[in-house]
Amino acid sequence: MTTPETKPTSFWVRLQANRSWRKFIRHKPALFGLAIIILLILIAAFAPAIAPFGYETQDFSSIRLEPGANHLFGTDKFGRDVFSRVVYGSRIALMVASLVVVIELVIGVILGMLAGYFGGWVDSLISGFTDMVWAFPPLILALGFISAIGAGLVNVVVAIAITGWAPFARITRAKVLSMKEREFVEAGVAIGETDFNILIRYLLPTILAPNLVLATLTIPAAILMTSALSFLGFGAQPPSPDWGAILNEGREFLRDAWWISTFPGVAILITTLAFNFLGDGLRDVFDPKQTVK
Amino acid sequence: MTLLEIKNLHLQFNSDEGLALVLDGINLKVQKGETLGLVGESGCGKSVTGMSILQLVPTPPGEITQGEIIFDGENLLGKSTKEMREIRGRKIAMIFQDPMVSLNPVYTIGNQIAEAIDLHQPKGISSTWEGVVDSLASVQIADPASRAHNYPHQFSGGMCQRGMIAMMLSCRPSLLIADEPTTALDVTVQAQVLKVMADLQKELGMAVILITHNIGVVAETCDRVAVMYAGNIVETADVETLFENPQHPYTRGLLGSIPRADRDMNELTIIEGSVPNLTKPPQGCRFHPRCKEAMDICRQTKPTDLDLGDGHIVACHLYG
Chain A
111 MTTPETKPTS
121 FWVRLQANRS
131 WRKFIRHKPA
141 LFGLAIIILL
151 ILIAAFAPAI
161 APFGYETQDF
171 SSIRLEPGAN
181 HLFGTDKFGR
191 DVFSRVVYGS
201 RIALMVASLV
211 VVIELVIGVI
221 LGMLAGYFGG
231 WVDSLISGFT
241 DMVWAFPPLI
251 LALGFISAIG
261 AGLVNVVVAI
271 AITGWAPFAR
281 ITRAKVLSMK
291 EREFVEAGVA
301 IGETDFNILI
311 RYLLPTILAP
321 NLVLATLTIP
331 AAILMTSALS
341 FLGFGAQPPS
351 PDWGAILNEG
361 REFLRDAWWI
371 STFPGVAILI
381 TTLAFNFLGD
391 GLRDVFDPKQ
401 TVK
Chain B
14 MTLLEIKNLH
24 LQFNSDEGLA
34 LVLDGINLKV
44 QKGETLGLVG
54 ESGCGKSVTG
64 MSILQLVPTP
74 PGEITQGEII
84 FDGENLLGKS
94 TKEMREIRGR
104 KIAMIFQDPM
114 VSLNPVYTIG
124 NQIAEAIDLH
134 QPKGISSTWE
144 GVVDSLASVQ
154 IADPASRAHN
164 YPHQFSGGMC
174 QRGMIAMMLS
184 CRPSLLIADE
194 PTTALDVTVQ
204 AQVLKVMADL
214 QKELGMAVIL
224 ITHNIGVVAE
234 TCDRVAVMYA
244 GNIVETADVE
254 TLFENPQHPY
264 TRGLLGSIPR
274 ADRDMNELTI
284 IEGSVPNLTK
294 PPQGCRFHPR
304 CKEAMDICRQ
314 TKPTDLDLGD
324 GHIVACHLYG
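Residue numbers (the working numbering), protein chains in the order written: chain A, 111 to 403; chain B, 14 to 333.
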């Protein structure tokens, strides 16, 4: 009798044989999105080295200068360099978005797993609550929260996270509902596993893929929401270089100094687009019914 | 000595079409160390009987309305969730029909067996791992030390089922419920898995309830057989008696419908009709609409268990 090949193979060999990975590297928009995201992370990390000026350095001798060699994106009404502010703003955008998504993921996954696994009144309670949160227009709900707890970036994170976890709970609940009927879960119960172990060892690994996709697609929404709240004056307070805040500051000069609002707007556009490309790619990769040519 | 006794077990499912009386007064005894075959056609309640012993029947919609399940002198139906957890895997283990989906796809076989051992007999990493390798060796997995690091998808169907057996028997339970353990496997692998089970049963002195619709497997491996029909056990006897001298018309029909090499049979008999809808079971004996020997009383009253001697029990008015 011959024994099949079982000797350990290196990580790279296994990665190249992995079907999901092969699908991913052939997905051009996803790779494009990933490249831009990596670039954004580098910009955020090395912002002090990239930005020629400080984000709050005012220079009253150069107010509202057009884009040029010295000020790549021009200057605003206090003579601050818009390019430097946009570069520093990437730190706020990425940090807020990741924090929001992590909080939403934790709330949504925990509630979704409890609802799906225990069913009955636990499910009715959690699902009812989820639907209620989801039914509210998120911007209105977030505005309401901020009016209650006050403006500021930390409060923005809390407000967006509290209004946005519902999709994570729904998708987790649905996946748990179908997975808990699987025989391997029943076999786990039959060897005497506790409910906690069933949830962590058997069900948690199966819900990661859809939540990862959802998380990637939620980041751009969180960035837009942060910018929107800052634009309305509820988020980052001056002189913080949040993209939404810069956009708002440039609003009154839109006719005379278009560059103040345009460049942060483009930054928001590129960032959200990149995350959406990546998210779409991941969705295709994890969808077993779809094959990428 | 009696290890497990099921007394008058009634179980119902609340479905949209109404109450389905899936188990209608089951009586069953399993002796220490014996193999009991539980046979019957699809939907007769074999699996539900097996699952209700470990209380794996989802409630709702399932509900046990009456009866007792006495294991080692204790009624399992009175146990708390926590007490049941202690019994599952440690004293009563269960293996399932499709081995390929019964193992957790995200952990290695060894990891899962280690988890089972750790749940009931925690004893430190290195000796747990020795236990893992030993139990894989006991189910004749070649090269168990390195195979323990494989994932379920790297095993064949037969190997998965043997891995499952290794996992379930790692805590040396006194009763194993095998729910169609070989149905999803091809015939040569079936024989291999059944042999592994029989060897381990002898070694551990454990009792086995073998749930199957394969009469051949029953003849090969079981000491006693219980025949189920529509939520009732209609006949129980030891293997030779049941095959040589079946009494219940359903058992006779069932055996008559299987081709046998040792008999000259020109025609297989068939049982007319089909299994009744359990939300509206027939009055009296549940088999009477399909029974050629049905009498008036069969339409009125449910037959009780009759002992014909030597533990040959039949529930039929023909012998009353």
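For glycine and all other residues, C-beta sits at the position ideal for the given N, C-alpha and C. Note that the coordinates shown come from a computational prediction; the quantities given were computed from them, not determined experimentally.
Strand pairing of residue i, partner residues [DSSP]
{"i": "B:I77", "result": "B:L24"}
{"i": "B:A129", "result": "Paired residue(s): none; B:A129 is not in a bridge."}
{"i": "B:T94", "result": "Answer is none; B:T94 lacks a bridge partner."}
{"i": "A:I301", "result": "Paired residue(s): none; A:I301 is not in a bridge."}
{"i": "B:D251", "result": "B:R237"}
{"i": "B:E18", "result": "B:K42, B:I83"}
{"i": "B:V327", "result": "B:E248, B:L319"}
{"i": "A:Y198", "result": "DSSP, once it has assigned bridges, lists no residue as partnering A:Y198."}
{"i": "B:L32", "result": "B:N27"}
{"i": "A:D191", "result": "A:T185"}
Residue environment, residue i, which counts as buried when at least 16 other CB atoms sit within 10 Å
{"i": "B:Q313", "result": "exposed"}
{"i": "B:Q68", "result": "buried"}
{"i": "A:W369", "result": "buried"}
{"i": "A:F246", "result": "exposed"}
{"i": "A:F278", "result": "buried"}
{"i": "A:Q404", "result": "The question about residue 404 of chain A has no answer here: the residues shown for chain A are numbered 111 through 403."}
{"i": "A:T112", "result": "Legend: pLDDT at A:T112 = 46, less than 50; position of this residue unreliable, no value from coordinates given."}
{"i": "B:M210", "result": "buried"}
{"i": "A:L339", "result": "buried"}
{"i": "A:L152", "result": "exposed"}
{"i": "B:E285", "result": "exposed"}
{"i": "B:E30", "result": "exposed"}
{"i": "A:L334", "result": "buried"}
{"i": "A:F193", "result": "buried"}
{"i": "B:L189", "result": "buried"}
{"i": "A:L388", "result": "buried"}
Residue i versus residue j - alpha carbon distance
{"i": "A:I317", "j": "A:L392", "result": "14 Å"}
{"i": "A:F134", "j": "A:A346", "result": "36 Å"}
{"i": "A:T382", "j": "B:T225", "result": "57 Å"}
{"i": "B:A161", "j": "A:E291", "result": "26 Å"}
{"i": "A:A300", "j": "B:S148", "result": "18 Å"}
{"i": "A:I356", "j": "A:G375", "result": "9 Å"}
{"i": "B:M97", "j": "B:T292", "result": "30 Å"}
{"i": "A:E115", "j": "B:A129", "result": "Confidence is the limiting factor: at A:E115 the pLDDT is only 48, short of 50, which leaves the residue's position unreliable, though a coordinate-based value still follows. About 27 Å."}
{"i": "A:V212", "j": "A:V197", "result": "23 Å"}
{"i": "B:V230", "j": "B:Q296", "result": "33 Å"}
{"i": "B:Q79", "j": "B:L22", "result": "6 Å"}
{"i": "A:R174", "j": "A:R365", "result": "12 Å"}
{"i": "B:P73", "j": "B:N290", "result": "20 Å"}
{"i": "A:A331", "j": "A:F170", "result": "36 Å"}
{"i": "B:L255", "j": "B:S115", "result": "33 Å"}
{"i": "A:K403", "j": "A:D352", "result": "Because the pLDDT at A:K403 is just 44, under 50, the model does not fix this residue reliably, and the value given afterwards should be weighed accordingly. Near 41 Å, if we compare the C-alpha coordinates of A:D352 and A:K403."}
{"i": "B:K3", "j": "B:L331", "result": "Nothing about residue 3 of chain B can be reported from this structure: the residues present for chain B run from 14 to 333 only."}
{"i": "B:K315", "j": "B:L24", "result": "17 Å"}
{"i": "A:A179", "j": "A:T328", "result": "37 Å"}
{"i": "A:F396", "j": "A:F239", "result": "29 Å"}
{"i": "A:P177", "j": "A:D186", "result": "11 Å"}
Of the listed residues the options, nearest to residue i (C-alpha basis)
{"i": "B:I19", "options": "B:L34, B:K42, B:E30", "result": "B:K42"}
{"i": "A:P348", "options": "A:F188, A:I148, A:V267", "result": "A:F188"}
{"i": "A:V267", "options": "A:E214, A:M289, A:N307, A:V210", "result": "A:V210"}
{"i": "A:A284", "options": "A:L314, A:G260, A:S257, A:G274", "result": "A:L314"}
{"i": "A:E293", "options": "B:L321, B:K95, B:I108, B:A328", "result": "B:I108"}
{"i": "B:S187", "options": "B:E30, B:F26, B:Q44", "result": "B:Q44"}
{"i": "B:D320", "options": "B:D251, B:F256, B:N117", "result": "B:D251"}
{"i": "A:V243", "options": "A:I270, A:G260, A:L263", "result": "A:I270"}
{"i": "B:Q125", "options": "B:L331, B:D323, B:G75, B:M180", "result": "B:M180"}
{"i": "B:P272", "options": "B:K95, B:I228, B:S151", "result": "B:I228"}
{"i": "B:V119", "options": "B:Q134, B:S151, B:H166", "result": "B:H166"}
{"i": "B:P135", "options": "B:A150, B:S183, B:Q153", "result": "B:S183"}
{"i": "A:G260", "options": "A:G218, A:N386, A:G343, A:M289", "result": "A:G343"}
{"i": "A:L150", "options": "A:R136, A:L322, A:A203, A:I236", "result": "A:A203"}
{"i": "B:A232", "options": "B:A155, B:E87, B:G50, B:Q174", "result": "B:G50"}
{"i": "A:G254", "options": "A:I272, A:F239, A:A154", "result": "A:I272"}
{"i": "B:V200", "options": "B:G171, B:G53, B:S287, B:M64", "result": "B:G171"}
Check: residue i C-beta below 7 Å from any heavy atom of the ligand MN
{"i": "B:P112", "result": "Annotation note on the ligand MN: not contained in the displayed structure, which lists no ligands."}
Subject >> 4-residue-minimum alpha helix (DSSP H) runs that sit fully inside the region 34-83 of chain B, ordered along the chain >> reply: Scanning the region 34-83 of chain B for uninterrupted alpha helix (DSSP H) segments of 4 residues or longer gives 59-66, listed from N- to C-terminal end.
**OP:** Taking only runs that begin and end inside the region 95-125 of chain B, name each unbroken alpha helix (DSSP H) of 4 or more residues, in chain order.
**Re:** DSSP runs (the alpha helix (DSSP H)) wholly in the region 95-125 of chain B: 112-115.
**OP:** Note down, one range per segment and in chain order, each alpha helix (DSSP H) of at least 4 residues found wholly within the region 114-182 of chain A.
**Re:** Along the region 114-182 of chain A, the alpha helix (DSSP H) occurs as fully enclosed runs of 4 or more residues at 121-127, 129-135, 138-155, 157-160, listed in sequence order.
Original post:
Quick one: complete alpha helix (DSSP H) runs, 4+ long, within the region 269-313 of chain B?
Top reply: For the region 269-313 of chain B, the continuous alpha helix (DSSP H) assignments of 4+ residues that do not extend past its boundaries occur at 309-313, in sequence order.
Original post:
Fully enclosed by the region 169-241 of chain B, which alpha helix (DSSP H) runs are 4 residues long or longer?
Top reply: Here the runs fully enclosed are 170-182, 200-217, 228-234.
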